[in-house]
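**Q** Residue numbers (mature numbering (1 follows the signal peptide of the UniProt record, and there is no 0)): -25 to -1, 1 to 1135.
Glycine residues also receive a C-beta, built at the ideal position from the N, C-alpha and C atoms.
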Amino acid sequence: MKKKDFIYYASAALLLAVSVQPAYADEQESAVQPIQVKAEQAQDTVAKTASDASEKVESKGEARTDRQEEQENSQAEQNTESSQSVPASLPKQSQTKVENQSASIEETAQREEVSKVDEAASKKGAAGNTTFYSTGHAGPASRSSDEAVQAKTFVDVSSHNGSISVNDYLTLANKGVGGVVVKLTEGTTYRNPYAGEQARNAQLAGLQVSAYAFSHYTSEEQARAEARHFISEARNLNLPKNTVMVNDMEDAKMKDNINRNTLAWADEMRKNGYTNLMYYTSASWIDENNLRGKGPVKTAQFGLENFWVAQYPTAKLSTNDAKTLRYNGRAGAWQFTSQAELLPGKHVFDHSVDYTGRFTSQAKPAPEVPKGPLSGKITIENNDSLAGRFDVVISNVLAPQGVASVSVPVWSDDKGQDDLVWYHATRQQDGRYRVTVKASDHKNATGKYHVHLYYTQLNGEQIGVTATTTEVSIGKTANKEKPSGRVTIENNNPTTGTFDAVIRDVVSPNGLKEVLVPTWSEVNGQDDLVWHKAVKQADGSYRATIKASDHKNSQGKYLSHVYYVTATGTKEFVTGTATTVHHKHSAGTLTIENNNSTTGTFDAVIRNVVAPNGLKEVLVPTWSEVNGQDDLVWHKAVKQADGSYRATIKASDHKNSQGKYLSHVYYVTATGTKEFVTGTATTVHHKHSAGTLTIENNNSVTGTFDAVIRDVVAPNGLNEVLVPTWSEVNGQDDLVWHKAVKQADGSYRATIKASDHKNSQGKYLSHVYYVTATGTKEFVTGTATTVHQSKVTGTLTITNKNPEVGSFDVVISDVFSPKGVQSVQVPVWSDQGGQDDLIWYSATRQSDGSYKASIKAENHKNSTGTYHVHLYYIQNDGSRIGVHSTTTQVEYRNLTHKTKAYIKDVNSQTGTFTVAVDQSSQGKRIKNIRAAVWSQAHQENLSWYTQTPAGGHTEIGITAVNHGNKQGDYTTHVYVDYTDGSVEGFNLGQTRLMPHQVTDQKNRVIRAASNLVGTSTGSAAHQRMVEDYNSVKPLPVGYAVKNTDDWCDVFVTVVFQREGLSHLVGRECGVERHIQIFKKLGIWNEDGTTTPQSGDIITFNWDKDTQQNDGWADHIGIVERVENGWIHTIEGNSSNGVVRRNTYRVGHGNIRGFARPHYQ
């Protein structure tokens, strides 16, 4: 579940103050970063969702990613009872990636206060059954008046928590946790890939298992579809129908019609037999809560006792304090924190109190799990050759850490492991485990099947135990008539080392797909065995040509057998023969040199080269023993000055496998034939990722350089190479994670553009990270370079032309000036009337670094035809420079003749709305707009708003603050004065505003500042601000502020003045003089590195960008809040003369200092 509304108010503070319960360390909130977790199967290493591409990199010292949990897979050293031991080549383990933003993630709803993304990576569940404890009856349990203190607690888990071992759950149980609510689904497509493992291990620990679905529905039909998806996954996991099934309601889009839609969800669940329903949501969403506002959820329709309510009265709350507070005591359960560190260093949990016992009453002591030496025996039973299925029975199940679950990976010999399935075996009453394997789940493959055995122990570690094989066939019993044929050896050629195996008189009663001729020499057993496919000839015979070069160029006796592949795919032995091969053979010696465990490389050196058939090149095919030859690479050896040949082998070219490597030598003869010569083996061990980073092509004209990564060593696999880069200007505010592209020579290259880094000049830092096969980022190396760019650049593009309304967008890309770009300006005018409709637009910066300005014909006297578009930069030294120009054609088909007035952007809770007036395209010209607004019956709080139109569309911001902050219906009349002297009136009716009645001084100030966000220079709200400042006499330093003056300090002064709090900060329009007032009031803090508080005054000096900043202050604002090291402010006259919200890092170099008013 996610974080809910943090509620801080006096009652909670009083309750906490009188509480004598200590707050245990393992139940307090913590800012511990999330760690990596192990996946549901040990074969699936799933990287926890890492910080996204905007994460910050350490700017000093070694940069690194989030703390990672080391995962080691220990190999069983004991052989156990089995038909055979575990082979060296274990089954390939399918991998599932969980990525930030891109790997089949279903979007999670935005929370009211804090939001985070719950991983939703698609992952195929393992086959087999799961057994859960019964969760008891569907009704709520009764409780005494003091049962809240005695109630047990429970946690909820999702893919965010990853793998949780049985031992971890036992630790939770010892801390009073009686139940676990496991996330199964989200929406109509997502399934939690960890759900089966999380529930199974909780059951083994004796905890009650419940389930929840994260909902997004906005209609009855969608609600029923999400319920069916939830039910489907519950059935897949064999959850009993009396399991507590929870509807997680926290997506803000659900609020409309939430009761009707949720009743449809509940109806669908009950129709399918799931009646033990609960509803999880925030306290602010329900109509029975302890808050000022009531939520949309009507609890009477569902029963308040069926609600699990999330509400966090304080950032730190222990379990005992939560039980004592009894928040939402009439509900079924209360979630009191989302940061419970019940397993320090491993997982952070949502923690809840169970008032009714619905989530914990069925908890029971964990069953004793025997522990001992590793053992296990596989027996194949009920091998049904007609149906193509068999049972795997596992007995003598024992492991040193106890067995939590038994896994059986199975695959056929056909096409490697492309049909691999991991089965979960089900425990039988006699203590054995059983799973049924069907050929239909393995692409109906027949022949040999491999069956391996793995245990997951109580500590979460997976361990291999033993393995066996069995034969599988499908269909009717094989024909009793035996296949037959006659094989002869022909064309035995000692020069080429070849001969033909010819099969005649072919009889195959069970059908014939193909004829195979497995052949090998007697030298070294069957190490040169090759299954040759014979080709049918015109006379009905089959012929295969055997080449000694395919058999390591062995000489002497060769054996060839004949097999028929029947219609069902079964191989049937028919006959065999032998022949003798003598031929002139190539020779050479192969030695391994320079085996480097640091880089994971070694050299294969071939000497004493003898090639009687000519030599075009020397090849060294090499592979590791891990997973067969899936990492086979044919390396080309290079001739050395001494006549030897050398090939350098890199583990990075072989999936970074460790252990035994095999290298063979082949000569390519003058005719292009490959001849096997010799082979050897070596052992490769390497530990660290490595690589070299160099800077190339540093271009001062384009402001670009290349980061090139060579000698790449990635022992943990390599998905991609990332190059996070930033300039030293303003820390890491221009950090970009660039993706390097692999080159033909094996290196990786990323091109860095200054235009992607705010066109900063000077020192740039680039780090290299490898994204491993599991999705983990590993820091490798870093370097620095200097960027100087000398040419002003900029490209104008016209987009989004709309001939209906006469509009288009101007997009400016490749923005750069050596002096820096303070702002981008776009003067635009039409050909009609010269430049009488000229407007200078300020382009807005986009997320991709480009700038955009939107142009409308209605702002240019509705002119059509040719429009001129020029581009200028205001540079950091204040100078303006022309960059580029273009023209475009404009049509305006939908001209109108009537003025329109209307209300938009109503926010009842903040007490604001906007009056909008649209100038008609062909009608009378507007000179002035007046709006009269009031809410009291006799117009006691009437206020007039006046605005001069600056274009075809004019907006006037209305706030209840100007009307006594009264709640009620606000009447709005609009009067439009035209240039011809006429007046037109509009009655816009009533608008209901219910602004919060904030009483404490600090929150009043923040609210008043927030209500002015969006106010721009010259607007009616700005003019009223200036008038209010000048209305209080005597004026500071005797100066009356003008509408054209800088007004950041006027904004701060008027905010406090309107709230009757001028005595807290004084009155001034000059920041440096205001600081002297702060000092006299005893509220000034000179240290710009201090972490401020909400309601503080923040000042800036733009001429110095390092601390301590003691220069002349030239800007001021109000701190709205501070979160995670970021200061959030509200500032007047900010960025082209607007009241806007800004953010700064704590200790930002431009901060001059702070003032902290003595609020009551």
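Which residue wins for smallest C-alpha separation from Q615, given the options G721, E703, R582?
**A** R582
**Q** Express the C-alpha separation of K532 and T463 in angstroms, rounding to a whole number.
**A** Their Cα atoms are separated by approximately 15 Å.
**Q** Just to confirm the assignment: which complete beta strand (DSSP E) runs, minimum length 3, are found wholly within the stretch 288 to 365?
**A** 308 to 318, 322 to 329, 350 to 359
**Q** Quick one: measure Cβ to Cβ for W609 and L594, integer angstroms, because I've assumed they're closer than 8 Å.
**A** 5 Å
**Q** Here's the rule: buried if 16 or more other CB atoms are within 10 angstroms of the residue's CB, otherwise exposed. What is R42?
**A** A caution first: R42 carries a pLDDT of 26, below 50, which makes its placement in the model unreliable, though a value can still be read off. Label assigned to R42: exposed.
**Q** Is it buried or exposed for L968, if we count other Cβ within 10 angstroms and need 16 for buried?
**A** buried
**Q** By alpha-carbon positions, which one of G737, A689, D708, E703 ends up nearest to S722?
**A** A689
**Q** Work out the CA separation of D296 and K321 for me, nearest whole Å.
**A** Their Cα atoms are separated by approximately 24 Å.
**Q** Compare the Cα-Cα distances from V613 to each of D605, T623, A759, Q310 and report the closest residue.
**A** T623
**Q** Throw me the rounded Cβ distance for the G634 and V584 pair, which I believe falls under 8 Å.
**A** G634 to V584, Cβ: 29 Å. No contact.
**Q** Please state whether DSSP places D1024 in a helix, a strand or coil.
**A** helix
**Q** Can we say the stretch 786 to 801 touches the stretch 820 to 832, given the rule of at least three CB pairs closer than 8 Å?
**A** yes
**Q** Cα separation between T861 and T990?
**A** 33 Å
**Q** Mapping the DSSP letters down to three states, classify H1003 as helix, strand or coil.
**A** Position check: residue 1003 holds Asp in this sequence, whereas His was assumed. D1003: helix per DSSP, three-state reduction.
**Q** For A285, write down the residues that DSSP places opposite it in a beta bridge.
**A** S257, Q310
**Q** For D223, count neighbouring C-beta atoms within 10 Å of its own C-beta (all shown protein chains included) and say buried if the count is 16 or more, exposed if not.
**A** buried
**Q** Report yes if the CB atom of A759 is closer than 8 Å to the CB atom of K738, and no otherwise.
**A** yes
**Q** If you run the structure through DSSP and keep just helix, strand and coil, what is K649?
**A** strand
**Q** Between the Cα of V378 and those of I773, N142, A1130, L846, spot the shortest distance and give me the residue it belongs to.
**A** Among I773, N142, A1130, L846, the Cα nearest to that of V378 belongs to N142.
**Q** Kindly indicate which three-state DSSP category M220 falls into: helix, strand or coil?
**A** strand
**Q** Return the bridge partner residues of K418 from the DSSP annotation.
**A** Per DSSP, none; premise fails for K418.
**Q** Judging by CA-CA distance, which residue of K352, V510, N1099, D605 is the nearest neighbour of K390?
**A** D605
**Q** Among residues of its own chain, excluding the 5 on either side of T543, which ones have a beta-carbon nearer than 8 Å to its beta-carbon?
**A** T421, S448, I449, G450, N485, G486
**Q** What ranges does the alpha helix (DSSP H) occupy inside the stretch 900 to 924, keeping only unbroken runs of at least 4 residues that lie completely in it?
**A** none
**Q** Closest by CA to L145, which one among D852, L607, P340?
**A** Of D852, L607, P340, the residue nearest in Cα terms is P340.
**Q** Name the one or two DSSP bridge partners that F189 has.
**A** According to DSSP, F189 shares a beta bridge with E161, D223.
**Q** Per DSSP, what are the beta-bridge partners of W712 in this structure?
**A** P699
**Q** Quick one: grab the DSSP three-state call for G761.
**A** Note that residue 761 is Thr in the sequence shown, not Gly. Looking at T761 - three-state DSSP - the assignment turns out to be strand.
**Q** Quick one: what's got a C-beta closer than 7 Å to K230's C-beta in the same chain, skipping five residues either side?
**A** P271
**Q** Per DSSP, what are the beta-bridge partners of W815 in this structure?
**A** P802
**Q** In whole angstroms, what separates the C-alpha of K91 from that of Q884?
**A** Residue placement at K91 cannot be trusted, given a pLDDT of 30 that sits under 50; what the coordinates show is reported in the next sentence. Cα to Cα, K91 sits roughly 25 Å from Q884.
**Q** Give me whichever residues DSSP pairs with R409 in a beta bridge.
**A** V368, T401
**Q** Check whether the stretch 760 to 779 and the stretch 803 to 823 are in contact - that is, three or more C-beta pairs closer than 8 Å.
**A** no
**Q** Per DSSP, which one or two residues make a beta bridge with N571?
**A** T576
**Q** Going by CA-CA distance only, name the one from V951, S957, W909, T954 that's closest to A935.
**A** The shortest Cα separation from A935 among V951, S957, W909, T954 belongs to W909.
**Q** If I follow the unbroken beta strand (DSSP E) through L963, where does it start and stop?
**A** 958 to 968
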